[in-house]
Each structure stands twice: as structure tokens, then as C-alpha cells.
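Number of protein chains: 2
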Amino acid sequence: MPGRVIVSRELADIFKILAHPDRVRLVEELGHGEKDVTAIAHALGLPAPRVSQHLAALRSHRLVTDRRAGRQHFYRLTRPGMAGWILDALPFLEVRGPIEGPAQLEEVRKLWAADHA
Amino acid sequence: MPGRVIVSRELADIFKILAHPDRVRLVEELGHGEKDVTAIAHALGLPAPRVSQHLAALRSHRLVTDRRAGRQHFYRLTRPGMAGWILDALPFLEVRGPIEGPAQLEEVRKLWAADHA
DNA sequence: TGCATATCTGCAAATATATGCAAATATGAT
DNA sequence: ATCATATTTGCATATATTTGCAGATATGCA
């Protein structure tokens, strides 16, 4: 059964890269369009070196690509659909107990969007 | 910005749990319906204790629930849609370079389904 | 050239996860 | 009760990840 094993390993690698709150927020941030490292660092309230490391992790599996303009590196999602796909996982998570019904799901979506720039 | 931080942490937790090839295959296995631990262990070619630990991880965030019948524990996905959602990530992964176009995506889907029981 | 800004890389300590195996628990059958 | 089966739990070791910080590289401007 080599086929599934290979694919599941690749999928697990992607999940591993996304398995960090900062990187989840980073991907959602890039869901709105390309941004340079400093802008991302500011938006996320993180030191630039850390953002750079997170981006390196995402780059290692080509989840993001970069475009250099002068001394700034603008990053964007290789597959813009990824940001939306992540939000499709909202029904699976638990914020104060299981989410039952579309009403509570809407709650969580609002919670996510609450402080959007 | 507490809203997004909380949600992103929950999302990252889910990604962390799925960030293991065995658990990815396990979830896909349960996508076809409930199964008991031994059946899963056999299908995945893993020792039962390890499957049990993987299930405990999935259970810890209510990604699976169990039903006991005699000495067997039948597990199933709390949200059956999760199996399909994982497969939606196929366009994001790289099997021998980036996947370009629906043709290569179909390749990967076949690769996944290749040895299905 | 020299200086400031933007980004990246490397290191070390703390923390977390994976793996294999042994032992414990629970259920059902004789 | 005794025994076999099914599942879970615990422990020890190996490996990986996170974090903060320092230093290195690269670009643009005076």
C-alpha cells in the first residue's frame, strides 16, 4: 500500500507546518493578499526573525512564494485557496465545548474576524 | 486581538493532531464508517497499542467518538466531513514537484486510492 | 565607501512528541 | 475461578520543535 502511505506522509507534513498558531494566523493574513515580512510581523505582533522562520517553514513545502522588491520580500500563498480551506476546519474545533449547529459556527467565525485589520 | 488568537490556537491544535501520517490514514480509514481498534490496526499495519494512542490523541479534541460493544471499542469520526476535508488539501502538497492542473491532481487522488480496501 | 534597513541563518536551552515494549484493565467464554 | 482477547496506560529513550537572541547577508541611500 505504498500510494496512501506516501500521500499521507505529504499531508502530515503540511499539517505539521500549519500546526502552530502563529503560522495559522500568518496564512490567514496572506489570504488577503501579498505582504512583506515587516508588515506581517507588525500585524501578528511578532519579532521579524520569528516571522522569517515561520515563512521559511511554509516555503519549505512551497506553501508560500516570495517576490523581492528592493530590500523587501513580499510573500503570498502559492495556493490562495488554502486560507479558505483552513477556515473550513472551524466546524471541527471546540471553543467551549462542541460546536452545535450553524448558529455557534457563526459565533466562531465572528470570533475569528473580530479584530481584522 | 484575542479572538483570532484563540481560534488560531484551536486550529493549530487540530493540525498538530493530524500532523502524523498514521493519524491521517486513520482518519481516512474512519471516513468509510466506524471500526474497532483491532480492525484499524490491521488495516494500517500498526501494533494495537499505537493505534490506541493515536485514537486517544484524536479523542482528546473530540475528533473521534467511541461506542463500546462487548470488549470491542468502535470508533468513528465526530464530524464525518473531516475525511473529505483532508482530501481537499491534496492540491497543496507536492509529490515530485508542484501539482499543476487537474490532471496531476487526479494522479494524486489515484495514488491515494490505489490500495484501498 | 559607509550607514541604515530588511531579512535570513545559526546556536543553545527548554519543551514536546514518537516509538517500542511491558504491564494493567476490562470483557467474555469455558 | 481461570483463561484468552481487546484495549489502554505507563515508562524510557530518541528525536524534533520552539523560543529568544546574536550575528550574518543583502539592498538602497548619502
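Residue numbers (the numbering used here), protein chains in the order written: chain A, 2 to 118; chain B, 2 to 118.
Glycine is no exception: its CB is placed at the ideal position from the N, C-alpha and C atoms.
So, residue i versus residue j, is the Cβ gap smaller than 8 angstroms?
i: residue 52 of chain A; j: residue 65 of chain A; result: no
i: residue 13 of chain B; j: residue 20 of chain A; result: yes
i: residue 8 of chain A; j: residue 113 of chain B; result: yes
i: residue 120 of chain B; j: residue 10 of chain A; result: Within the shown structure, residues of chain B are numbered from 2 to 118, placing residue 120 of chain B beyond reach of any answer.
Closest by CA to residue i, which one among the options?
i: residue 61 of chain B; options: A/77, A/93, A/10, A/24; result: A/93
i: residue 76 of chain B; options: B/36, B/110, B/109, B/63; result: B/36
i: residue 49 of chain B; options: B/69, B/68, B/73; result: B/73
Can you name, in chain order, every residue of its own chain whose Cβ lies under 7 angstroms from the Cβ of residue i, other than the five neighbours on each side?
i: residue 43 of chain B; result: none
i: residue 97 of chain A; result: Confidence at residue 97 of chain A is low in this model, with a pLDDT of 48, below 50, so the placement of that residue should be treated as unreliable; the coordinate-derived value is given next. Within the same chain, residue 97 of chain A has no close Cβ partners at all.
i: residue 18 of chain B; result: 24, 58, 59, 62, 64
i: residue 110 of chain A; result: 91
i: residue 47 of chain A; result: 23
By Cβ distance below 8 angstroms, which residues in the same chain neighbour residue i in space, the five residues on each side in sequence not counted?
i: residue 27 of chain B; result: 41, 45, 52, 55, 56, 59
i: residue 80 of chain A; result: 64
i: residue 15 of chain A; result: 62, 64
Keeping to the same chain, check which residues put their C-beta closer than 6 angstroms to that of residue i; ignore five residues upstream and five downstream.
i: residue 68 of chain A; result: 75
- Does the segment 77-92 of chain A come close enough to the segment 15-35 of chain A to have 3 or more Cβ pairs within less than 8 angstroms? Contact between the segment 77-92 of chain A and the segment 15-35 of chain A is present: three or more C-beta pairs spanning the two stretches fall below 8 angstroms.
Q. Along the segment 4-20 of chain A, what residues have a CB closer than 9 angstroms to any CB found in chain B?
A. Flagged, chain order: 4, 5, 6, 7, 8, 9, 10, 11, 12, 13, 14, 15, 16, 17, 18, 19, 20.
- prompt: Closer than 7 angstroms, Cβ to any Cβ of chain A: which residues of the segment 20-35 of chain B, in chain order?
  reply: So the close ones are 20, 21, 22, 25, 26.
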